[in-house]
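Enquirer: Using the numbering used here, the first residue of the sequence shown is number 1241, and each one after it goes up by one.
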Amino acid sequence: MKAAFLPDRGVVKVSGDDARHFLNNLVTSELADVQPGTARFAALLTPQGKIVADFLVTEAPAGHGGGFLLDCPKPLAAALATKLGFYKLRAKVTVDNLTDQLGVLAAWDGRPSMMPDLAFADPRNSELGYRVLVPQELASKLAGVLGADLADAAAYEAHRIACGVPAGGLDFAYGDAFPHETNMDRLHGVNFDKGCYIGQEVVSRMQHRGTARTRTIRLAVDGLPPTGSEIVADGKTVGTMGSSAAGRGLALLRLDKVADAIAKGASLSAGGITVSPVDPADIRLPEKHTAL
1241 MKAAFLPDRG
1251 VVKVSGDDAR
1261 HFLNNLVTSE
1271 LADVQPGTAR
1281 FAALLTPQGK
1291 IVADFLVTEA
1301 PAGHGGGFLL
1311 DCPKPLAAAL
1321 ATKLGFYKLR
1331 AKVTVDNLTD
1341 QLGVLAAWDG
1351 RPSMMPDLAF
1361 ADPRNSELGY
1371 RVLVPQELAS
1381 KLAGVLGADL
1391 ADAAAYEAHR
1401 IACGVPAGGL
1411 DFAYGDAFPH
1421 ETNMDRLHGV
1431 NFDKGCYIGQ
1441 EVVSRMQHRG
1451 TARTRTIRLA
1461 VDGLPPTGSE
1471 IVADGKTVGT
1481 MGSSAAGRGL
1491 ALLRLDKVAD
1501 AIAKGASLSA
1511 GGITVSPVDP
1521 ADIRLPEKHT
1531 AL
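1. Assign residue 1532 to one of three DSSP states: helix, strand, or coil.
2. DSSP three-state label for residue 1423, please.
3. Measure the beta-carbon distance from residue 1244 to residue 1395 and round it to whole angstroms, keeping in mind my assumption that it falls under 8 Å.
4. What separation, rounded to the nearest whole angstrom, lies between the Cα atoms of residue 1452 and residue 1275?
5. If you compare alpha carbons, which of 1497, 1454 and 1249 is closest to residue 1340?
6. List the whole-angstrom C-beta distance separating residue 1386 from residue 1353, where the pair is believed to meet the contact cut-off of C-beta under 8 Å.
7. Using only CA atoms, which one of 1458, 1512 and 1504 lies nearest to residue 1486?
8. In angstroms with no decimal places, state the Cα-to-Cα distance between residue 1530 and residue 1326.
9. Would you report the Cα separation of residue 1532 and residue 1444, rounded to the nearest angstrom?
10. Just to confirm, is the Cβ distance from residue 1365 to residue 1405 under 7 Å?
11. Indicate whether the contact test is met: 3 or more Cβ pairs, each with one atom in the segment 1249-1262 and one in the segment 1419-1428, closer than 8 Å.
12. Once DSSP output is grouped into helix, strand and coil, what is the label at residue 1438?
13. Is the beta carbon of residue 1465 closer than 7 Å to that of residue 1407?
14. In whole angstroms, give me the CA-to-CA distance for residue 1368 and residue 1271.
15. In whole angstroms, what is the alpha-carbon distance linking residue 1336 and residue 1281?
16. In its own chain, which residues sit with a C-beta less than 6 Å from the C-beta of residue 1305, not counting the 5 before and 5 after it?
17. Go ahead and pull the three-state DSSP assignment for residue 1355.
18. Hey, would you say residue 1210 sits closer than 7 Å to residue 1482, going by beta carbons?
19. I believe residue 1471 touches residue 1515 by the beta-carbon criterion, under 8 Å. Please report the beta-carbon distance rounded to the nearest angstrom.
20. Count the other C-beta atoms from every protein chain shown that fall within 10 angstroms of the C-beta of residue 1294, then say buried if there are 16 or more, exposed otherwise.
21. Does the Cβ of residue 1363 have 16 or more other Cβ atoms within 10 Å, making it buried, or fewer, making it exposed?
22. Fully enclosed by the segment 1500-1529, which beta strand (DSSP E) runs are 3 residues long or longer?
23. Give the DSSP-derived three-state secondary structure of residue 1497 in the structure shown.
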């Protein structure tokens, strides 16, 4: 088993009598059954349905003060805490940015010898393994407790990319991407049966009308295409390259344009480097469901 401390992750805490109800009314996932040792993938959206921040949510046990802990991108932690504070109004809720105190240790390729406090299975994809919220200075010791060899963050990044899980700031831009475009619906990050939350109407409409034509797609790459470079097929731009490592990459692609290019026998390239979908099924156009 491998483990790596992720220096790009922070932790925000939401606590108080109304914390669960407060969060559940704001984010894309259902948090009613989140408890210590479990987690949900969720996002806070704009009213227009675009991602402000995405995060993994777990409940802290009573011994750690209770409340909900959000494993989020470190550069967004302060702004996320401020944004949540803006929404709390009269709710009995306290929002704290704990990034200076807690970080994130990821563990994969096996099962932990034990599950410590503030640990949970990654809810997005079982192959991603487990997460533990822990101070950075204890990461090495905790890796030993898990029965894992400590690796660097680059090893986890290569694993994340191979699993097809996008990261904000690399594979999509916050404030500019819909949940469907970042595969949140496929990564258990959107509950289409829950009550209202910010941006729900747009997300539900995209789901039922099948209008999501841009998706994050896994690519085989012959090198390291520059992040942010245009992906070109038959002389036309069909998407934008995201992160890549160890022969795999992620990209935001227009499914219809890529499907047309491949049907014509055209190849894809990014920054002069050949790329191709890992699985042709990934570029299937969405199905339409019952209209709202």
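Think of the CB as a built atom: it goes at the ideal place given N, C-alpha and C, for glycine as much as any other residue.
Computed from a predicted structure; not experimentally measured.
Expert: The structure says:
1. The predicted model places residue 1532 with a pLDDT of 43, which falls under 50 and marks its position as unreliable; any figure quoted below should be read in that light. Here residue 1532 sits in coil by DSSP.
2. coil
3. 6 Å
4. 32 Å
5. 1249
6. 6 Å
7. 1458
8. Low local confidence applies: a pLDDT of 48 at residue 1530 is under 50, so the model's placement there is unreliable, with the coordinate-based value given in what follows. So the two alpha carbons sit approximately 35 Å from each other.
9. With a pLDDT of 43 at residue 1532, under the threshold of 50, the predicted position of this residue should be treated as unreliable, and no value is reported.
10. yes
11. no
12. Note: residue 1438 maps to coil in three-state DSSP.
13. no
14. 21 Å
15. 19 Å
16. Taken in chain order, the list of residues that qualify is empty.
17. coil
18. Shown here, the chain extends from 1241 to 1532; a query on residue 1210 therefore has no answer.
19. 7 Å
20. buried
21. The residue is buried, with at least 16 neighbouring Cβ atoms inside 10 Å.
22. 1508-1510 and 1513-1517
23. helix
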